[in-house]
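A quick write-up on the structure given underneath.
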Amino acid sequence: MNAVSRRGLAARFQRRWLVVAATLLVGASSTMAALDLAALWDFADPAASERRFVEAMGGASADERLILQTQIARTHGLRGDFARARELLAAIGPALPAASPEVRVRHALELGRTHASAAHRPEQLTAADRETAREHFTRSAGLAAQARLDGLAIDALHMMVFVETDPARQLEWNRRALAVLERSDQPEARRWEGALRHNLGYALVLQEDHEAAIEQFRLARAAHERAGRTRNVRIADWMVAWTRRLQKRYDEALTLQLELERAWERDGQSDPAVWRELEAIYRALGDEARARDYAARQARPAPGGR
């Protein structure tokens, strides 16, 4: 695969699959036991999340209120209102010198996300924004490392995949994040394993190291299975099958995707991404009739589709 092909592959899949990984654990609980951010977050409904954060302000300590404000800013970023998110984060600025390390880590992290994140369209990610995001994510990761906030350090490091355009550099940052996880005993860090191995596998695919990528996808699958994340288990299986298709190992890819199709059907659902892969596989095998069938399925509304 040449450099142009790698860039095309990244552009096609980064938003779908890296976004999945990047949002798996960003709502992990605060290190403050009294503040459970995961219970307040609904990433599918940022406006509802904002209302919960505002309500939680009532019984919060001064530090917790600042943490909640960083999350309110993030809800605006997820809705594409990055200017409003920055305004809210700027309002926190005067309180930072007296705030806890967690507040400072989260403030820098969310500032970075206003410049580069899954919520940005590709045309919004200018070189200047990427560099600004890099500065904020690097500062957040450094502060988190000093404070032994391993989960937040991983969060900041894993965001660098939205800053870097070079697959080799993405791979380097993924490995740095995984190294933090592997030496940490903190639950907030350990919960990142599935997402990090997913991202690492994706970066390895871009490097054409397909067997190493599949190993990471299988490790991601095991982590998600331990956590009971059925949807993410299936995503990991999809990634293995997708990689097998890239290797032109079509029979293996076909078997895996058909198994996924049946799994979704048993739940009364469907996954258009599975259909797209089945279309591509059947076309590669010369079965145009089946390829056209799966192309047609994608054009119809899919009740229960994810």
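Heads up, the working numbering is the position in the sequence shown plus 1143, with the first residue counted as 1. Glycine included, every Cβ here is placed at the ideal spot set by N, Cα and C. Keep in mind the model is a prediction, meaning the values are calculated, not measured.
Status (buried if at least 16 other CB within 10 Å, exposed otherwise) for residue i
{"i": "residue 1373", "result": "exposed"}
{"i": "residue 1204", "result": "exposed"}
{"i": "residue 1189", "result": "buried"}
{"i": "residue 1201", "result": "exposed"}
{"i": "residue 1422", "result": "buried"}
{"i": "residue 1310", "result": "buried"}
{"i": "residue 1394", "result": "exposed"}
{"i": "residue 1176", "result": "With a pLDDT of 45 at residue 1176, under the threshold of 50, the predicted position of this residue should be treated as unreliable, though the coordinate-derived value follows. Exposed is the call here."}
{"i": "residue 1437", "result": "buried"}
{"i": "residue 1410", "result": "exposed"}
{"i": "residue 1443", "result": "exposed"}
{"i": "residue 1284", "result": "buried"}
{"i": "residue 1392", "result": "exposed"}
{"i": "residue 1197", "result": "exposed"}
{"i": "residue 1228", "result": "buried"}
{"i": "residue 1226", "result": "exposed"}
{"i": "residue 1371", "result": "exposed"}
{"i": "residue 1199", "result": "buried"}
{"i": "residue 1181", "result": "exposed"}
The ligand NAP heavy atom lying under 7 Å from the CB of residue i
{"i": "residue 1307", "result": "In the structure on display, the ligand NAP does not appear, and there are no ligands present to speak of."}
Rounded separation between residue i and residue j - CA only
{"i": "residue 1232", "j": "residue 1250", "result": "7 Å"}
{"i": "residue 1252", "j": "residue 1332", "result": "16 Å"}
{"i": "residue 1321", "j": "residue 1290", "result": "18 Å"}
{"i": "residue 1431", "j": "residue 1263", "result": "37 Å"}
{"i": "residue 1404", "j": "residue 1244", "result": "46 Å"}
{"i": "residue 1208", "j": "residue 1236", "result": "13 Å"}
{"i": "residue 1329", "j": "residue 1441", "result": "42 Å"}
{"i": "residue 1357", "j": "residue 1417", "result": "18 Å"}
{"i": "residue 1216", "j": "residue 1256", "result": "10 Å"}
{"i": "residue 1239", "j": "residue 1267", "result": "29 Å"}
{"i": "residue 1275", "j": "residue 1369", "result": "37 Å"}
{"i": "residue 1387", "j": "residue 1317", "result": "22 Å"}
{"i": "residue 1377", "j": "residue 1241", "result": "45 Å"}
{"i": "residue 1429", "j": "residue 1435", "result": "11 Å"}
{"i": "residue 1319", "j": "residue 1254", "result": "21 Å"}
{"i": "residue 1419", "j": "residue 1408", "result": "16 Å"}
{"i": "residue 1277", "j": "residue 1433", "result": "46 Å"}
{"i": "residue 1313", "j": "residue 1427", "result": "30 Å"}
{"i": "residue 1195", "j": "residue 1178", "result": "12 Å"}
{"i": "residue 1396", "j": "residue 1304", "result": "27 Å"}
{"i": "residue 1362", "j": "residue 1334", "result": "13 Å"}
{"i": "residue 1339", "j": "residue 1270", "result": "25 Å"}
{"i": "residue 1206", "j": "residue 1425", "result": "56 Å"}
{"i": "residue 1327", "j": "residue 1342", "result": "19 Å"}
{"i": "residue 1406", "j": "residue 1258", "result": "38 Å"}
{"i": "residue 1223", "j": "residue 1260", "result": "10 Å"}
{"i": "residue 1184", "j": "residue 1315", "result": "30 Å"}
Rounded distance between the beta-carbons of residue j and residue i, thought under 8 Å
{"i": "residue 1186", "j": "residue 1221", "result": "7 Å"}
{"i": "residue 1213", "j": "residue 1192", "result": "The pair is not a contact, with the Cβ atoms about 13 Å apart (cut-off 8 Å)."}
{"i": "residue 1336", "j": "residue 1366", "result": "4 Å"}
{"i": "residue 1323", "j": "residue 1293", "result": "6 Å"}
{"i": "residue 1384", "j": "residue 1359", "result": "So it is not a contact: roughly 15 Å between Cβ atoms."}
{"i": "residue 1379", "j": "residue 1364", "result": "4 Å"}
{"i": "residue 1282", "j": "residue 1306", "result": "Residue 1282 to residue 1306, Cβ: 13 Å. No contact."}
{"i": "residue 1300", "j": "residue 1353", "result": "No, residue 1300 and residue 1353 are not in contact; Cβ-Cβ is about 24 Å, not under 8 Å."}
{"i": "residue 1248", "j": "residue 1287", "result": "5 Å"}
{"i": "residue 1382", "j": "residue 1344", "result": "6 Å"}
> If you scan the stretch 1258-1303 from start to end, which runs of the alpha helix (DSSP H) of 4 or more residues do you find wholly inside it?
Replying inline: As far as the stretch 1258-1303 is concerned, its whole alpha helix (DSSP H) runs of at least 4 residues are 1270-1290, 1293-1301.
>> What ranges does the alpha helix (DSSP H) occupy inside the stretch 1185-1234, keeping only unbroken runs of at least 4 residues that lie completely in it?
In response: Whole alpha helix (DSSP H) segments, 4+ residues: 1189-1199, 1205-1221.
> Could you give the uninterrupted runs of the alpha helix (DSSP H) lying entirely in the stretch 1353-1413, keeping only those of 4 residues or more?
Replying inline: DSSP assignment within the stretch 1353-1413 yields the following whole alpha helix (DSSP H) runs of 4 residues or more, N-terminal first: 1353-1370, 1373-1389, 1393-1409.
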